[in-house]
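Structure record follows, encoded as structure tokens.
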């Protein structure tokens with residue numbers, strides 16, 4: 001929006017690899033009657049005393065300003081001066097802003113403070129000798145006419161010049177919360193755009209989307225094509241954050257169609273490349289970054305390095321190691337020439353990955369260690385966590401499991417610390433937001449109370465006592481009845497929910513949510529009467545212990561949940577899938593006898609299990625061995641015999657090489673089925 005590319009999204013190229021109301025008052029007619037009596041009395045007293053019940057006026061808003069989402073001519077002039085960087089000398093722009101102080105709309109405090117905010121922003125941004133003048137402009141206004149949002153943004157610029165660690169999210173929240181209907185659309189768009197970016201960084205996606213929609217609406221009504229393009233670009237990032245990646249790509253494409261400035265197109269193309277990398281469409285992502293690189297001014301070394309780092313990442317992932325090696329070498333030379341430690345650390349991280357891929361382990365380890373030390377020293381923990389996670393994966397697949405384990409442990413520990421810090425920050429932030437809102441509400445209440453004080457003094461002693469007696473009796477009596485009713489109802493509800501939960505837990509496996517053996521035994525009591533053929537499948541995940549040993553029990557649990565989910569969702573309601581023990585599962589399919597259908601079902605299970613399971617940034621290979629048979633089962637003895645035979649076939653499948661099924665059918669005899677068998 002101001003022509004400055006947001007780099008915080010563009011350097012994290014691992015991100016995707018790694019989120020009875022009713023009280024039944026109709027049946028409590030007596031309680032309703034009490035409330036109706038209180039309401040009737042209150043209305044009578046209000047009419048007698050001529051108090052304006054339910055019609056409180058906010059006297060703090062004294063400026064008449066029609067709410068609109070369309071720029072005025074005055075705002076269009078300001079936007080042309082300050083909306084995007086130009087070749088104009090900043091001092092000349094300041095002079096043009098000063099000249100606008102004679103504009104007719106400056107009689108309106110809302111527009112005057114919009115101009116003063118942008119003067120403030122301009123003076124501090126370009127270090128012009130007018131900083132004190134810009135800030136003092138707001139002293140012209142009292143509490144009733146001051147724009148808290150404009151003043152907060154000006155304060156943000158002041159703090160930014162004196163503090164490196166700027167609490168930008170908190171400051172942007174303060175400004176955004178302070179917006180009112182009297183603020184001009186340009187100020188609303190400016191504040192909302194800044195707030196949306198930082199809200200998205202903090203994981204407040206709903207708030208970020210709400211603010212972005214405001215910017216988009218203002219851009220559309222004001223005919224601002226470039227601003228609409230930027231709003232759509234930001235909306236695409238929000239959609240990606242909630243894992244709607246295809247929708248995000250479509251929104252990003254719309255934004256690119258509208259974008260006319262090279263700086264806007266560069267940001268959109270880099271974001272597009274990042275989105276495509278996240279879903280492993282590397283060739284398309286590489287093309288997007290290459291297009292962005294071609295649009296960047298050759299003097300913008302830092303941005304060229306950022307783009308190049310992502311291009312190098314794609315080349316490595318595509319297996320084009322020679323190109324990646326040459327490219328990162330040139331990129332590192334550029335970063336050293338620029339002397340920017342941030343850029344050097346990012347390029348070293350990517351080059352170390354390339355060196356490791358081509359077998360230069362010693363050089364790769366040294367370079368990666370040096371780069372990550374810079375991130376540690378500068379407390380850039382979020383990037384460090386992702387770098388370590390990706391590095392651990394590379395180490396493991398290049399025959400260094402112990403180093404991979406140590407790196408992964410450090411990544412997990414740092415990530416836990418980061419999450420704790422985020423939770424604390426977000427809690428403090430939301431408390432500040434609530435406190436700010438409560439403070440504003442209290443001011444409004446005080447203003448309303450002051451306006452009504454004269455009328456309240458005219459109330460007779462009798463009317464005051466009558467009001468107190470009626471309300472007190474009604475509240476006490478009604479409160480006793482309602483509290484007793486609610487407590488009883490809550491107790492019944494909690495008892496019913498607890499009973500239901502305990503019953504569910506006694507019949508289901510807590511990890512996979514599948515039925516357990518007890519539940520299956522109860523189910524079979526009804527099946528014995530059907531006397532229909534059933535397909536019994538006993539499956540056991542191959543080499544499951546290796547997953548637990550190499551990746552941890554969290555990975556093993558995730559594999560079990562995902563595999564069970566794949567199979568369970570394809571079963572009929574009359575079928576059953578049971579966790580039989582550890583990594584062993586039983587599937588009971590009703591009314592299945594056709595040999596071709598049996599083969600199709602077994603092969604489908606093998607294929608469903610064979611799909612890799614993604615855990616964090618790693619794809620875990622999984623296969624299964626199966627024993628199966630078709631039987632008419634009408635007694636517990638027949639069931640036990642069938643299960644024993646299925647278990648025998650299961651071990652035959654394991655002995656034959658795993659990732660296959662062995663079983664029998666009366667028309668086929670004993671057969672062996674593999675995932676890719678015709």
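Numbering (the UniProt record's numbering), first residue to last: 1 to 678.
For each residue, glycine too, the CB sits at the ideal point set by N, CA and C.
No experiment lies behind these values; they were computed from the predicted model shown.
Own chain partners of residue 694 with C-beta closer than 7 angstroms, once the 5 adjacent residues on each side are dropped = Because the chain here runs from 1 to 678, residue 694 falls outside it and cannot be looked at.
Limits of the unbroken alpha helix (DSSP H) element including residue 106 | If you number the chain shown from 1, residue 106 lands on position 106. That residue, residue 106, is in no alpha helix (DSSP H); it is neither H nor E in DSSP.
What span of residues does the beta strand (DSSP E) with residue 665 cover, start to end?
-> As a working note, residue 665 is residue 665 in the chain shown. Here the beta strand (DSSP E) through residue 665 covers 660–665.
Applying the criterion that 16 or more other CB atoms from any shown protein chain within 10 Å of the CB defines a buried residue, is residue 613 buried or exposed?
-> Taking the first residue of the chain shown as position 1, residue 613 is located at position 613. When all chains shown are included, residue 613 counts as buried.
Cα-Cα separation between residue 327 and residue 206, rounded to whole angstroms = In the chain shown, residue 327 corresponds to position 327, counting from 1. In the chain shown, residue 206 corresponds to position 206, counting from 1. Each residue's Cα considered, the two are about 40 angstroms apart.
Limits of the beta strand (DSSP E) - the one that residue 605 falls within = In the chain shown, counting from the first residue as 1, residue 605 sits at position 605. No beta strand (DSSP E) holds residue 605; the alpha helix (DSSP H) holding it covers 595–610.
Who pairs with residue 632 in a beta bridge, going by DSSP?
-> As a first step, residue 632 must be located in the chain shown, where it is residue number 632. For residue 632, which the question treats as bridged, DSSP gives the partners 533.
Distance between residue 154 and residue 335 (C-alpha atoms, nearest Å) | Looking up residue 335 in the chain shown gives position 335. Looking up residue 154 in the chain shown gives position 154. Going by the C-alpha atoms only, they are around 34 angstroms apart.
For residue 398, name the three-state secondary structure that DSSP assigns.
-> By 1-based counting over the chain shown, the position of residue 398 is 398. In the structure shown, residue 398 sits in coil (DSSP, three-state: anything other than H, G, I, E or B).
Please state whether DSSP places residue 148 in a helix, a strand or coil.
-> Walking along the chain shown from the start, residue 148 turns up at place 148. Residue 148 falls in the helix class under three-state DSSP.
Go through its chain and collect everything with a Cβ distance to residue 490's Cβ below 6 angstroms, but skip five positions before and after it.
-> For this step, residue 490 is matched to residue 490 along the chain shown. Within the same chain, residue 490 has no close Cβ partners at all.
Using a Cβ-Cβ cut-off of 7 angstroms (strictly less than) and excluding sequence neighbours within five positions of residue 317, which residues of its own chain qualify?
-> Here the question's residue 317 lines up with position 317 in the chain shown. Cβ neighbours of residue 317 beyond the five flanking positions: 282.
If we ignore side chains and look at the alpha-carbon of each, how far apart do residue 387 and residue 375 end up?
-> As a first step, residue 387 is located in the chain shown; it is residue number 387 there, counting from the start. As a first step, residue 375 is located in the chain shown; it is residue number 375 there, counting from the start. Straight-line Cα distance between these residues: approximately 10 angstroms.
Quick one: give me the first and last residue of the beta strand (DSSP E) that residue 69 is part of.
-> If you number the chain shown from 1, residue 69 lands on position 69. From DSSP, residue 69 is part of no beta strand (DSSP E); its letter is neither H nor E.
Quick one: give me the first and last residue of the alpha helix (DSSP H) that residue 579 is part of.
-> Looking up residue 579 in the chain shown gives position 579. No alpha helix (DSSP H) contains residue 579, which is instead part of the beta strand (DSSP E) from 576–581.
Any non-hydrogen atom of the ligand MN within 6 angstroms of residue 360 CB = For the ligand MN, the structure offers nothing, since it holds no ligand at all.
Nearest residue (CA-CA) to residue 239, options 227, 520, 607 and 275 = Residue numbering aside, residue 239 sits at position 239 when the chain shown is read from its first letter. Comparing Cα positions, the closest option is 275.
Looking at the unbroken beta strand (DSSP E) that takes in residue 559, where does it start and where does it end?
-> Here the question's residue 559 lines up with position 559 in the chain shown. First-last for residue 559: 553–568, but that is the alpha helix (DSSP H), not the beta strand (DSSP E).
Local conformation of residue 543 per DSSP, three classes | Looking up residue 543 in the chain shown gives position 543. Coil at residue 543, not helix or strand.
Taking only runs that begin and end inside the region 172–206, name each unbroken beta strand (DSSP E) of 3 or more residues, in chain order.
-> none
Between the region 534–554 and the region 577–597, are three or more C-beta pairs nearer than 8 angstroms?
-> yes
Which residues in the same chain as residue 588 place their Cβ atom closer than 7 angstroms to its Cβ, once the five residues preceding and following it in sequence are excluded?
-> Here residue 588 refers to the residue found at position 588 when the chain shown is read from its first residue. So the list reads 534, 536, 575 and 576, once near-sequence residues are dropped.
Residue 219 and residue 236: beta carbons closer than 7 angstroms?
-> Taking the chain shown and counting its residues from 1, the one referred to as residue 219 is at position 219. Taking the chain shown and counting its residues from 1, the one referred to as residue 236 is at position 236. Not in contact: residue 219 and residue 236 (Cβ atoms no closer than 7 angstroms).
Does the Cβ-Cβ distance between residue 278 and residue 289 come in under 7 angstroms?
-> The residue labelled residue 278 in the question sits at position 278 within the chain shown. The residue labelled residue 289 in the question sits at position 289 within the chain shown. The answer is no: Cβ separation not under 7 angstroms.
N-terminal and C-terminal residue of the alpha helix (DSSP H) that residue 325 is part of | On the chain shown, position 325 is the one that residue 325 refers to. Looking at the DSSP string, the run of the alpha helix (DSSP H) that includes residue 325 is 321–338.
On the DSSP bridge assignment, give the partners of residue 672 in chain order.
-> On the chain shown, position 672 is the one that residue 672 refers to. Beta-bridge pairing links residue 672 to 662.
Could you say which of 566, 659, 552 and 591 lies nearest to residue 527 if we only look at CA atoms?
-> On the chain shown, position 527 is the one that residue 527 refers to. That would be 591, whose Cα lies nearest to the Cα of residue 527.
In terms of alpha-carbon separation, which member of 311, 301, 300 and 503 lies closest to residue 271?
-> Stepping through the chain shown from its first residue, residue 271 is reached at position 271. The option with the nearest alpha carbon to residue 271 is 311.
With residue 618 as the anchor, note down where its beta strand (DSSP E) starts and where it stops.
-> Stepping through the chain shown from its first residue, residue 618 is reached at position 618. First-last of the beta strand (DSSP E) with residue 618: 618–620.
Opposing strand residues paired with residue 508 [DSSP bridges] | Looking up residue 508 in the chain shown gives position 508. Bridge partners of residue 508: 515.
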